[in-house]
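Plus 573 on top of the position in the sequence shown (first one is 1) and you've got the working numbering. Ideal Cβ positions, reconstructed from N, Cα and C, are used throughout, including at glycine. Model, not experiment: these values are computed from the prediction.
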Amino acid sequence: LFSFWPQLGGTDWGRSESGGDRSPPSPTQYARLVVCNESNMDESPMFINFPLHPSFFPAVACYVFSALGVTAGAHRLWSHRSYKASFPLRVFLAFGNSMAFQNDIYEWSRDHRVHHKYSETNADPHNAKRGFFFSHVGWLMVRKHPEVIEKGQKLELGDLKADEVVMFQRRHYKLSVVIICFLVPTLVPWYFWGESLLVGYFVPGLLRYTMVLNATWLVNSAAHMWGNRPYDKTINPRQNQWVALCAIGEGFHNYHHTFPFDYSTSEFGCRINLTTAFIDLMCFLGLAKDCKKVSKEMIIARIQRTGDSSCKSG
Numbered sequence: 574l575f576s577f578w579p580q581l582g583g584t585d586w587g588r589s590e591s592g593g594d595r596s597p598p599s600p601t602q603y604a605r606l607v608v609c610n611e612s613n614m615d616e617s618p619m620f621i622n623f624p625l626h627p628s629f630f631p632a633v634a635c636y637v638f639s640a641l642g643v644t645a646g647a648h649r650l651w652s653h654r655s656y657k658a659s660f661p662l663r664v665f666l667a668f669g670n671s672m673a674f675q676n677d678i679y680e681w682s683r684d685h686r687v688h689h690k691y692s693e694t695n696a697d698p699h700n701a702k703r704g705f706f707f708s709h710v711g712w713l714m715v716r717k718h719p720e721v722i723e724k725g726q727k728l729e730l731g732d733l734k735a736d737e738v739v740m741f742q743r744r745h746y747k748l749s750v751v752i753i754c755f756l757v758p759t760l761v762p763w764y765f766w767g768e769s770l771l772v773g774y775f776v777p778g779l780l781r782y783t784m785v786l787n788a789t790w791l792v793n794s795a796a797h798m799w800g801n802r803p804y805d806k807t808i809n810p811r812q813n814q815w816v817a818l819c820a821i822g823e824g825f826h827n828y829h830h831t832f833p834f835d836y837s838t839s840e841f842g843c844r845i846n847l848t849t850a851f852i853d854l855m856c857f858l859g860l861a862k863d864c865k866k867v868s869k870e871m872i873i874a875r876i877q878r879t880g881d882s883s884c885k886s887g
């Protein structure tokens, strides 16, 4: 299964240069595959051990860091102002946002505010009514609809312009992307444990970048098409737990479009919501405060008034 790995420059854990078996890695480096014999499903499953490559761990770390730069940063903090963040936390999230490479904070937040104000109209940058492909990635392949530009120019963005972290990142965005999104994930594995530059570039770099991109895009596409609408059945955004899992908490989209000011984007706290857990931790450490939250009474009233009856209690 992993015979291609040494050809990419990865470490061949299986055999030494002399052809003999190497001593096995530590137990923490093992993952386990369960393979069933198709000819006789009654037989006991066969377990195949294989080592997790060291570059797997920085890839996961970069995934979470860059995703937080979008979810906790550009989205919940700067687009919706759903909580307040200290200067060190804003810097941290700006770095993560540059690693995500999804446009700078200012542009991302502007487009997202337009998306909420004119959702699923021609003024919506990724209008889901134009189909899955367009809302997922097609909107980035064509020029913006004139109404998107027109409505974006009319928004009041003084809060973003007044944020020195946002404007500093905007001025130095291209350089920050080259360094943080690509050079750091490539060089760290090479420097600290002798990984090849090729593996560092493709695994914590390009593969991680592609996965975070698609996780974010799923919020625009899948979460506007598949799932239930317990809070407001008159709008298309849906509750999609698979999207929430991939996008570290951003899949509770019917709730979010119903209560866009809620810092958690969900009534269920940290459940399938790593971003909320992160913000809660920052509050505990004194780096964030004033988190906006919808009351239970308001949620129940909205469910009873406009929900699709898929959620009874709120």
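Take the Cβ of residue i as the centre, count every other Cβ of all protein chains shown within 10 Å, and call the residue buried at 16 or more, exposed below.
i       : result
Trp-766 : exposed
Asp-805 : buried
Glu-723 : exposed
Thr-848 : buried
Ser-868 : exposed
Val-816 : buried
Phe-665 : buried
Phe-832 : buried
Ile-876 : buried
Leu-541 : Since the first and last residues shown for the chain are 574 and 887, residue 541 lies out of range.
Leu-858 : exposed
Gly-704 : exposed
Pro-661 : exposed
Phe-620 : Because Phe-620 sits at a pLDDT of 42, beneath the cut-off of 50, its placement in the model cannot be relied upon, and the point is left open.
Phe-630 : exposed
Taking the alpha helix (DSSP H) that residue i falls in, what are its first and last residues?
i       : result
Lys-865 : It is not in any alpha helix (DSSP H) - Lys-865 carries neither H nor E in the DSSP assignment.
Val-761 : 757-766
Gln-726 : 719-727
Met-740 : 737-744
Asp-732 : 731-734
Gln-814 : 814-819
Ala-788 : 781-793
Ala-632 : 629-641
Leu-854 : 847-857
Leu-666 : 660-673
Val-772 : 770-773
Asp-684 : 678-690
Asn-827 : 826-831
His-709 : 705-709
Taking C-beta to C-beta, are residue i and residue j nearer than 8 Å?
i       : j       : result
Ala-647 : Asn-670 : yes
Arg-802 : Asp-697 : no
Gln-726 : Ala-667 : no
Ala-820 : Tyr-656 : no
His-829 : Ile-808 : no
Met-784 : Tyr-636 : yes
Glu-729 : Pro-627 : no
Arg-654 : Asp-732 : yes
Arg-781 : Pro-758 : yes
Tell me, to the nearest whole angstrom, how far the beta carbon of residue i is from that of residue j; I am working on the premise that it is less than 8 Å.
i       : j       : result
Ser-652 : Ser-682 : 4 Å
Val-643 : Thr-789 : 6 Å
Ile-845 : Gln-814 : 6 Å
Ala-632 : Pro-777 : 4 Å
Val-687 : Val-715 : The Cβ separation is near 16 Å, so there is no contact.
Check: Given 8 Å as the limit, is there contact between the region 794-809 and the region 768-784, that is, 3 or more CB pairs closer than that?
Finding: no
Item checked: contact_flag[the region 676-689, the region 729-738] where n(CB pairs < 8 Å) is 3 or more -> yes
Check: Can you find at least 3 beta carbon pairs, one from the region 657-674 and one from the region 750-767, that sit closer than 8 Å?
Finding: yes
Check: Quick one: any contact between the region 702-711 and the region 824-834, if contact means 3 or more CB pairs under 8 Å?
Finding: no
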